[in-house]
């Protein structure tokens, strides 16, 4: 093949037409892929998240659905002043921009007051230990009430005027009162008589010189038995 014929094929309209067609197909594929990704990922779309806190769950769900957003409950809490099924917290927060279909995670208010199990602290710990343990568990600890007993020792737990024991379920918003000893003894406690060792020794020495008085009883004579073999003779 001559060189002129070889270079003449590169100048052929058929070859360049095929190359242009292939380039157009590649370009269309790239453009289509970009458009498809933009549509799938909602590129350039920004939805401002509304504030649904302190709204009922049904109302919050409707508000978010109107903006193309979804809602999902992740946890429950308790606020006494708010109604049950009320939104307490949301994530992401209000004002953030997200894309359509994004999930908004919320915490709702519980219908029942949460409770905590009372630990074993009665007659088992000091005031400081009991207060630290109860506070760490989430209890509301009130001013301790002092009773007769060993100083700073826990003798009981009172909640809403009732005595409670270990294992009872206590509402988280209830105030726990600790009954703690004031260091004084009860009048019913048995008293212990203290004896001074010096006085005890003195009493023992005094007792050694004393002689007990008693009557001396003389021994009685043993009667003799008569001898039947040799009877006594009468004079």
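In this note's numbering, the protein residues as written are 323 to 557. Using N, Cα and C, we set each Cβ at its ideal position, and we do this for glycine too.
Close Cβ partners of residue i (< 8 angstroms) along its chain, the five nearest in sequence each way excluded
i	result
residue 418	370 and 371
residue 375	409, 410, 411, 412 and 416
residue 515	The pLDDT assigned to residue 515 is 48, lower than 50, so where the model puts this residue is not dependable; a value taken from the coordinates is nonetheless given after this. Cβ within range, chain order: n/a, list empty.
residue 344	none
Neighbourhood of residue i by C-beta, 6 angstroms cutoff - its chain only, sequence neighbours within 5 removed
i	result
residue 388	none
residue 447	476
residue 386	393 and 426
residue 461	498
Short Cβ contact (8 angstroms threshold) for residue i with residue j
i	j	result
residue 429	residue 399	yes
residue 464	residue 497	yes
residue 282	residue 469	The question about residue 282 has no answer here: the residues shown for the chain are numbered 323 through 557.
residue 437	residue 493	yes
residue 558	residue 487	Nothing can be reported for residue 558, as the shown portion of the chain is limited to 323 through 557.
Cβ of residue i within 8 angstroms of any chain D Cβ
i	result
residue 480	In summary, chain D is missing from the structure at hand, where a single protein chain is found.
First through last residue of the alpha helix (DSSP H) which encompasses residue i
i	result
residue 449	449-459
Euclidean distance between Cα positions of residue i and residue j
i	j	result
residue 473	residue 449	9 angstroms
residue 433	residue 397	13 angstroms
residue 401	residue 442	27 angstroms
residue 452	residue 382	42 angstroms
residue 405	residue 353	53 angstroms
residue 456	residue 403	24 angstroms
residue 485	residue 500	10 angstroms
residue 380	residue 435	21 angstroms
residue 407	residue 377	9 angstroms
residue 481	residue 489	14 angstroms
residue 346	residue 424	37 angstroms
residue 495	residue 458	15 angstroms
residue 395	residue 491	26 angstroms
residue 483	residue 420	52 angstroms
Residues of its chain near residue i, where Cβ-Cβ distance is below 7 angstroms and the 5 sequence neighbours each way are ignored
i	result
residue 506	470
The beta strand (DSSP E) enclosing residue i, as first and last residue numbers
i	result
residue 397	392-399
residue 486	484-486
residue 383	Here residue 383 belongs to no beta strand (DSSP E); instead the alpha helix (DSSP H) covers 379-388.
residue 437	437-439
residue 501	497-503
One or two residues paired with residue i in a DSSP bridge
i	result
residue 478	501
residue 413	427
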